[in-house]
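Listed in order, the protein sequences are those of chains A and B.
Using the numbering used here, the letters of the first sequence correspond one by one to residues 1 to 688.
Using the numbering used here, the letters of the second sequence correspond one by one to residues 1001 to 1305.
Ideal Cβ placement from N, Cα and C applies to all residues, glycine included.
Some notes on the structure that comes next.
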Amino acid sequence: MRGFHFFRKKSDARLRNQDYYRIPRFAFVWLLASVVSVILPHVARLPLWLTGMCALCITGRILVYQGRMSYPGKQIKAILVLTMAALMVLQFGRDVFSTDSMVGVLLVGITLKLLEMHRKRDVLMVLYLCYFTIIAEFIYSQSIPIAIYMTISILVISSAMISLNQTPEHQSVRRTLRLAGLILLQSAPLMMAFFLLFPRISPLWSVPVQSNSSVTGLSETMSPGDIGDLARSGEVAFRVQFNGEMPPFNELYWRGLTLDNFNGREWRRGIDRDRPQRLSADRQEEMGWFREIEYTGRRYAYNIILEPTFQNWIFTLQMPSILDERMRMRRDFQVETFRRVTQRFSYDATSYLEFAADTDQRAIPRRSFSFIPGDSNPRALEFAQELRAQHDSTESFANAVLEHFREEEFFYTLSPPLLGDAPVDEFLFETREGFCEHFASSFTYLMRAAGIPSRVVTGYQGGEVNPYDGTLTVRQYDAHAWSEIWIQDRGWVRVDPTAAVAPDRINRGTDSVLQEDNNFLSDEVFSLIRLRNSLFLNDLRLRLEMIDYAWNRFVLNYDQESQFRFFSNLFGEVTRTKIIMVLLGFLALVVAFVAFTVFRQPAYSKAPPATRLYRKFCAYMASQGFPRNIGETPMDYLQRMSEVNPQWTAPMKEITQIYNELAFVNTEADPEQIRYLEHKVRKFRLLN
Amino acid sequence: MQSKVDETVAEIGKVVLGKDKQIRLALCCLFAGGHLLMEDKPGMGKTTLSQALARTFGLQYSRIQFTSDLLPADIIGVSIYDQSTSSFTFHKGPLFKNLILADEINRTTPKTQSALLEAMEEGRVSVDGTTYALPHPFFVIATQNPVSFSGTYPLPESQLDRFLMRLTIGYPHPQAERELLINTDQRANLEFINQCLSGEDVIEVQKKIAKVKATDTLLDYVQRLVAYTRQDDKFSFGLSPRGAQALMRSARTWALMHDRQHVLPEDVKTVLPAVADHRLRSVSDTSGRSGESWSQRLLNEVDVV
């Protein structure tokens, strides 16, 4: 009762049994390890049935190897392929050409190929496919752990290739791994050179992935509770490296969105009146409103590596003065990119903390910035108007409102009660518990109620300084909302009502305030960041983050532009020809090195001078059409030549005898005799 | 030296006609202190040559015909209980001679083969816990039929390696064969072979071998040859260091036999087939029968200088 009826017992007529290549057992294990290591990282993303099919194919292959099952026949194979294709279409539907499905096709291909590995060529093909597929993982993640995993995986695949060509006595895991590692190491310089020099074609890597996946981050609108949700997450939003000094902590306002449209509950972005502007270093060249911003005080330059947000707006320290050409600033000071940020995005910016913008009353449309829906929050409206009547200046009114927040019993908390249809009223007069967006929203509403142009700004505030590399890491829980009010002659002024209620939030960061809150970091169950109270673990985390930052900055961030910079540092002006020359030159270097190692003669055959002279003589004879045969001794050669070409016998005999003497009789070479041989060879070449 | 060798060759040539080169190689092997294996089809003169060799050396020799029922005790000797002394006395077997002619060695069982081969390697035998030294010099000239012949137990590689040389004699030249046919009883001539050499001669030659010079250029050539057998796909395994040593020793002896104090590549080329053929096996050869073509190929593909 052995064997499956499912698979045909009779072997393929074309391929007789002896034609099958029997993979060495050792190599077979390596091969399976390679295939599994390739599939493993994708398992979480792939549909369950696909993983199941892969497992089934691998099991089938093992059974075939053990001889408990024969190779599947043509019909079975056809059925398998059709089933897979149908399942693919069913699973992915319209997305059948998405990255996920393509990776799925590759994996299915590899595992199905396992079932028809008849020849050595097939085994090699599976391994090449493994090499190819392992790269697919880079589309999804480019983190250090993945890179390490892939290196190990490549090591395993290479070991599989090596083990295919090993004799049984060489089959040890350590030996094979060591050889594979050695080969990988040898290829490292080549890899480095390609990394640095190979032309980077950006569209190739812009594979659309995760287009509809949910990413934690600020959204385009703000309603009560939105930002509080972000505090559950410890994910990195972006990392900043300052060129030089860092601004004081409580001034780290990373501006994101400007929200100026209020519907009574939710804040939205307004409509743009003016075209977004470039912010180049040479301000004189710029036209329009940007020239009217006055910068004063200290200038801060920094680089930001932004994690993918799938939005087209990015964060800058207020107020940016120089941005590179991939970015524009909108009239409301929101900075945008042309394309959505779907992968890590690195940009340089320069900002001033002190500035004056839109000081002229004509610059802003007063009415839209002080619009509130008439019937939305009546009690707050009334309160604002009463309070406004007691103060003559905008500033003193704003201060009075802040004073109100500070004096009355308002609480800064991550888990405020839910608010109904009139959130501002409910918050101000009933619940009095809220997160930054409650305060920013209410404050702005009160300002507008009193007729003061104002708006809400969302972004991040603060961050965590890594003592090891001086970078500032801004996380999702640093998300923040604040207000901006417009004051005659001063322009837009930032007012942060949260600072009035919870000054620690601004001065020391979110974690110092919310440490005890149950909802804080509730999404990060297993993350190291939860364990920040342990000194050792926190230190470890900071070090890991430093490495990660370096990886992001110097490896992942190495794009066309950095390549150009690197290139021009090395070779001056970058031209197409020069790039090609350098690449070709490098290639020539590699080829030369390989050629050198291949053709280099083993050390013991470094010929002594007499032998070299004799070889020269033989080469001359060969050029005359009388080559010495391989393996022919000098004496035999002389013998043969004297029959073919008697007139050469005498001089050749002389040369051969001297050479024989030098090479085989004397252990110590006599320089005199060598010179004599040289003379004879030269003479021979001249005379004959 | 050369004159002595020529004389010996002429003497042996009386019974083995037209096989000068094989005779010289056999002499070379014995001078080098190695054991000789002669492999050829039956009736090619293996036994005649080995007997002639024994006679010219004037050594005590015994001829052992190996058969499938021969036991180790038959060649080494047995301890027999002596009633007069009430103890066991060891009766030495035919092995305790300077020269052993082991006829058709591959017709006996591996057990007996190894008894002989142990003696060859160690130069002594152990019986019942007592070790008996074999006389010095001690040579074995073994003959065997080609492996494919029926009723043979092929010698494994490890034992083949113990023989310094393996010679094949080959069909005689037509002229020699004619002479062979004219004479009615060639074998009877064995009786008239004179002793040309002595055991002391052999020991003396062996002392001189070490003094024969081999230059770097020559050693390079030898190493290239050896490396070729190890690297090339055609061979399933290469020459062992012992094989390389055997090659050099034979080449030195060959040089000495021609009154030279230095080794020429010609010497190496001459002795190589005899020394290397039984130590090499081609990849395509599964029967363990290696042909002469392999070492010839080696010589044709490795350059001398």
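- Considered as a whole, the stretch 345-431 of chain A harbours 366-369, 378-390, 394-407 and 423-426 as its complete alpha helix (DSSP H) runs of no fewer than 4 residues, in chain order.
- Interface residue (Cβ-Cβ distance to chain A less than 9 Å): B/L1239 is not classified as such.
- The stretch 1212-1219 of chain B and the stretch 1068-1076 of chain B do not touch, with fewer than three beta-carbon pairs separated by less than 8 Å.
- Every unbroken stretch of the beta strand (DSSP E) spanning 3 or more residues and falling wholly within the stretch 1217-1297 of chain B is given here in chain order: 1235-1237.
- B/M1038 has B/T1143 and B/L1167 as its beta-bridge partners, per DSSP.
- A/L218 is the residue among A/L218, A/Q639 and A/V240 whose C-alpha sits nearest the C-alpha of A/R232.
- Interface residue (Cβ-Cβ distance to chain B less than 9 Å): A/E561 is not classified as such.
- Taking CB atoms only, A/R576 has no neighbour in chain B less than 9 Å away.
- Nearest Cα to A/E292 within the set A/L570, A/P168, A/R362 and A/V574: A/R362.
- Taking C-beta atoms under 8 Å as the contact rule, A/N552 and A/I305 qualify, at a distance of about 5 Å.
- Shown in chain order are the members of the stretch 1199-1226 of chain B whose Cβ falls below 7 Å from a Cβ of chain A: K1213, T1215, D1216, T1217, L1218, D1220, Q1223 and R1224.
- Flagged as an interface residue toward chain A: B/P1265, by a C-beta distance shorter than 9 Å.
- Measuring C-alpha to C-alpha distances from A/G462 to each of A/S454, A/R455, A/V456 and A/T471 identifies A/T471 as the nearest.
- Annotated three-state conformation of A/R178 is helix, per DSSP.
- In this structure A/T337 touches A/I314 by the C-beta definition: roughly 6 Å separates them, less than 8 Å.
- B/T1089 is bridged by DSSP to B/I1080.
- Within 10 angstroms of the beta-carbon of A/T133 lie 16 or more other beta-carbons, which makes it buried.
- Where A/P609 is concerned, the enclosing alpha helix (DSSP H) starts and stops at P609 to S623.
- Close partners of A/F664 in chain B (Cβ separation under 9 Å): K1213, A1214, T1215, T1217, L1218, H1262, V1263, L1264 and P1265.
- Chain order gives the chain B residues near A/E632 as V1304, where near means a beta carbon separation below 7 Å.
- Among the bridge pairs identified by DSSP, A/V457 is matched with A/T258 and A/W482.
- Considering only beta carbons, the part of the stretch 635-651 of chain A lying closer than 7 Å to chain B consists of M635, in chain order.
- If you ignore the 5 residues before and after A/F564, its C-beta comes within less than 6 Å of the C-beta of V574, all in its own chain and listed in chain order.
- Out of A/F238, A/I227 and A/Q166, the CA that lies nearest to the CA of A/S415 is found in A/I227.
- Here A/P453 is not near A/S376, since their CB atoms are 9 Å or more apart.
- The CB of B/L1299 comes closer than 7 Å to the CB of G631 in chain A, given here in chain order.
- Residue environment analysis places A/R455 among the buried positions, since at least 16 neighbouring C-beta atoms fall within 10 angstroms of its C-beta.
- Under the Cβ criterion of 9 Å, B/K1269 is counted among the residues facing chain A.
- Boundaries of the alpha helix (DSSP H) around A/A136: K120 to Y140.
- In the assembly as shown, B/V1275 is a buried residue. Its beta-carbon has 16 or more other beta-carbons within 10 Å.
- According to the DSSP assignment, A/V665 belongs to no alpha helix (DSSP H), since it is labelled neither H nor E.
- Excluding the 5 residues flanking it on each side, A/Q91 has same chain C-beta neighbours closer than 7 Å at P47, in chain order.
- Interface residue (Cβ-Cβ distance to chain B less than 9 Å): A/N660 is classified as such.
- Looking at the DSSP output, A/V81 shares a beta bridge with no other residue.
- In the three-state scheme derived from DSSP, where H, G and I count as helix and E and B as strand, A/E632 is classed as coil.
- By the criterion of at least three beta-carbon pairs nearer than 8 Å, the stretch 142-149 of chain A is not in contact with the stretch 121-128 of chain A.
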